[in-house]
Amino acid sequence: MGEVIVVTSGKGGVGKTTTSANIGTGLAAEGHKVVLVDTDIGLRNLDVVMGLENRIVYDLVDVTSGNCRLKQALIKDKRFSNLFLLPAAQTKDKTAVSPEQMKILAKELKEEFDYAIIDCPAGIEQGFRNAIAGADRAVVVCTPEVSAVRDADRIIGLLEASELRNPKLIINRLRPAMVKRGDMMDISDILDILAIELIGVVPEDESIVVSTNRGEPAVMDQGSKAGEAYRRITRRIKGEDVPLMNLEVPSGIMDRLKRLVGIR
Amino acid sequence: MTRTEHVALKGTREGLVLYLDPAADFRLLMNELDNLLKNSEQFLQGANVRCYAGKKEFSEDEQENLTAILRENHLELAGWLSTEEVYVPGKTQSYANEERDARLWEEGMSEGRCLFMERTLRSGKSVQFEGHVIVQGDVNPGAEIIATGNIVVLGSLRGVAHAGAMGNRKASVSAYHLAPTQLRIADLVTRAPDDETDGRGPEIARIKDDQLTVEAAGMNGWRGKAR
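Chains as they are written, first to last, in the numbering used here: chain A, 1 to 264; chain B, 1 to 227.
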């Protein structure tokens, strides 16, 4: 029996889809059978980020309304034969699916896959309720901005109200240099308010833009810092105990020592 | 103290006092009294009760009725109290129908109904309560508490808090870390200073001389260490 993990945030543009794609691809790279589900009906993106948009025939709404079988709608990934995508419909809206239908779908997916990663739309309306309906676990993505933290806080409250306890936090697009200058919220500021378990910090990384446009998740790029962060997050989702990536701009005695020796 | 809308039973040093709303209909009073007593603890049984209904005087029939209800619940009517006996001399009560509020005022908001929230209030959560609210957790930005009484937060108060929401200026807001988005007591509104510093320790906000003031909670020597 697999697990359904919803990736959510409340605020838009914080990197839910990128995170979903990377966690899904990361888990697949570790040999698990994974399905990515895009629930952002009407504004689908996950297929683009995965580079699979030209292979869509059937979508989520076709499956839930019985127009096709689940197997027909699943798109096999380019790189991994154990990774699949269930795309969202683009021509409908969020009301085309109900939470009950999502629960049934989640059950079906759990029998087939080790992990089902659900990419949640922004907002707290029906799209959100659909996305979390069948989920066993939740991952909340948040950027170091006051508005994103506020929305994440609301989302965590709603998740707890829906019996999705202990959601995990990913802080995305952190800029260590800005934090050091005091121009950006740091990790402890965010954890102070949200007070949930942190499973990863992803640094701002230009390679994400490139990989998103190319449809190749950064998690496969060994040279990408964000990719490394996602690889660690993937392993932490599997339950491994992995230390957080060191993002700190070194300072103090160590910094001066290193500079003296010439490492930096 | 136990009370319903128009009836209140209160223990004083001189014994039990039953407050009856002078403005309320007698039958309503008796109904409420009956329910109140039926739901009360057993330890009240056998006690003497003195009654107070402001300047209102009850007819003989009504008095008999009252005695009967009290007796049914094993209580004895021990007499009537005048306004002077109920309230501390020097504090005049001009309006009889304000007694219910008046009692709360007299007590300086030191007792009353309480709501305990055993968790953190996250953004979007709104708590409204007639009485005091105690939060055993944080109140995050975007969350709000509106209470007719006091608000106590055993954590960080970063959201909106409105104490004494029905106009009671004796209400207070206290928190382990007091940094609200906005703080309201009765009809006064203020917001946290922009140069917010962490680690000031527990603080209490209340109205003094028509001004909302914040001061350190009296925890001599413990402040700072507790953090």
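For every residue, glycine included, the Cβ atom is placed at its ideal position computed from N, Cα and C.
A:Glu206 is the residue among A:Ala96, A:Val35, A:Glu206, A:Glu3 whose C-alpha sits nearest the C-alpha of serine 224 of chain A. Rounded to whole angstroms, histidine 132 of chain B and proline 180 of chain B show a C-alpha spacing of 18 Å. Per DSSP, reduced to three states, the secondary structure at lysine 238 of chain A is coil, with no helix or strand assignment. Membership of alanine 161 of chain B in the beta strand (DSSP E) is indicated by the continuous run 160–163. Collapsing the DSSP output to three states places glutamine 222 of chain A in coil.
Annotation for aspartate 151 of chain A: Gly10, Lys11 place their beta carbon closer than 6 Å to its own, counting only its chain and skipping 5 residues before and after. Within the model, the alpha-carbon separation for proline 144 of chain A versus methionine 178 of chain A is close to 11 Å. Cβ neighbours of arginine 119 of chain B within its own chain (closer than 6 Å, five residues either side excluded): Gly137. Setting aside the 5 residues that flank it on each side, leucine 212 of chain B is surrounded in the same chain by Leu183, Ile185, Leu188, Thr190, Ala205, each with a C-beta closer than 7 Å to its C-beta; the list follows chain order. With respect to isoleucine 117 of chain A, alanine 131 of chain A sits apart: the two C-beta atoms are not nearer than 7 Å. For serine 123 of chain B, the C-beta contacts it makes with chain A under 8 Å involve Arg150, Asp151, Asp153, Arg154, Gly157, in order along the chain. A contact between stretches requires three or more CB pairs, one per stretch, nearer than 8 Å, and the region 146–160 of chain A fails this requirement with the region 22–32 of chain A. Asparagine 172 of chain A and alanine 21 of chain A have their alpha carbons spaced roughly 14 Å apart.
Judged by DSSP secondary structure, leucine 174 of chain A falls within the beta strand (DSSP E) whose first and last residues are 168–174.
In terms of Cβ geometry, threonine 17 of chain A and asparagine 45 of chain A form a close pair [threshold 7 Å]. Cβ proximity to chain B below 7 Å picks out Ile193, Ala195 from the region 193–210 of chain A. Rounded to the nearest whole angstrom, the C-alpha separation of tyrosine 19 of chain B and glycine 159 of chain B is 38 Å.
DSSP assignment within the region 124–195 of chain A yields the following whole alpha helix (DSSP H) runs of 4 residues or more, N-terminal first: 126–133, 146–161, 176–181, 187–194. In the displayed model, aspartate 119 of chain A falls within a strand according to three-state DSSP. With its beta carbon at least 7 Å from every one in chain A, proline 22 of chain B lies outside the interface.
In the three-state scheme derived from DSSP, where H, G and I count as helix and E and B as strand, threonine 95 of chain A is classed as helix. No Cβ-Cβ contact shorter than 7 Å links alanine 143 of chain B with leucine 157 of chain B. Between leucine 36 of chain B and asparagine 48 of chain B, the alpha-carbon positions lie close to 16 Å from each other. Burial is judged here by how many other beta carbons sit within 10 angstroms of a residue's own beta carbon; valine 141 of chain A has at least 16 and is buried. For glutamate 76 of chain B, the enclosing beta strand (DSSP E) covers residues 76–80. Taking all protein chains in view, the Cβ of histidine 6 of chain B is crowded by 16 or more other Cβ atoms within 10 Å, so the residue is classified as buried.
Assigned with DSSP and collapsed to three states, valine 61 of chain A falls in helix.
Here glycine 51 of chain A is near glycine 215 of chain A, since their CB atoms are less than 7 Å apart. Look at glutamine 182 of chain B here: in three-state DSSP terms it is strand. Under the Cβ distance rule, proline 180 of chain B does not count among the residues neighbouring chain A, no pair being separated by less than 7 Å. Counting the other Cβ atoms within 10 Å of the Cβ of glycine 124 of chain B gives 16 or more, which makes it buried. Within 10 angstroms of the beta-carbon of histidine 177 of chain B lie 16 or more other beta-carbons, which makes it buried. The CB of glycine 142 of chain B comes closer than 7 Å to the CB of Arg150, Asp153, Arg154 in chain A, given here in chain order. Within the same chain, Ala28, Val34, Asp77 come within 6 Å of leucine 83 of chain A by CB-CB distance, once the 5 residues on both sides are set aside.
Buried is the label assigned to valine 149 of chain A, since at least 16 other Cβ atoms lie within 10 Å of its Cβ. Below the 8 Å Cβ cutoff, chain A contributes Ala195 as neighbours of threonine 120 of chain B, in chain order.
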